[in-house]
Amino acid sequence: MAQKQTHPVEMGPIEPHQRLQKLIADSQRVSIDPTMPINRYYRSGNQIVETADRSLREGNLEKAFTFYLRFVTIFVELILDHPGYKSVAPADKQQTKEKIKKILPRAEEIRKKLLEKYTTEYKLYLQQLKLQAEQEEKEDAARRQAAAAAAAAAAAAASKAAAQQPTTSTGPYAPSAPSHVAVIS
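Counted the way UniProt numbering counts, the sequence shown spans residues 1 to 185.
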């Protein structure tokens, strides 16, 4: 299954640490239903870890990280408050503790890789933003230059047209209409 690649510019100006914190917060948004049998949580926990492992093998770091964190959140923070926790077999509790010991270093390693990835994407975003601003500045300068050239050409054309117009004088020595032409008022 191919992972959807997100273009860095589409992500917007999210600072890498903030982006990682958002992923962590989203991953930990889980809850426990006290009416659900506790053994379902233990079965689901196994499926969560399998999904995380598969996602990691496929290179989908965000998904793997999310599932590992969900597992840890459920089995370190939330499951202790479930009314059926005392009835869980010690072997199941021990097996879960072993999984947590394996998952925590994995999750930390993924966190480092994600931070590195997000930092690279953020730097790329900033570079693209800078290039875009430079390009817009060049286009604005070219437009201003073209507008100035057009204004200068229009002024030159107006000046040339004015120079070619016959001058009419209205002073005392201005030519008047011939005497045989009647001026109709």
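The beta carbon of each residue, even a glycine, is placed where N, CA and C say it ideally should be.
DSSP places A148 within a helical segment (H, G or I) once states are collapsed to three. When the five nearest sequence neighbours on each side are left out, no beta carbon in the same chain lies closer than 7 angstroms to the beta carbon of D33. If you ignore the 5 residues before and after L69, its C-beta comes within less than 7 angstroms of the C-beta of I24, S27, Q28, A107, all in its own chain and listed in chain order. For G84, there is no enclosing alpha helix (DSSP H), as DSSP marks it with neither H nor E. For the pair of segments examined, the segment 60-76 was found to touch the segment 99-113: the number of CB pairs separated by less than 8 angstroms reaches three. In the three-state scheme derived from DSSP, where H, G and I count as helix and E and B as strand, E139 is classed as helix. The way I'd put it, the segment 77-97 doesn't touch the segment 137-144; fewer than three beta-carbon pairs between them come closer than 8 angstroms.
I38 places its beta carbon 8 angstroms or farther from that of F75.
At a Cβ-Cβ threshold of 8 angstroms, L20 and Y125 do not count as neighbours.
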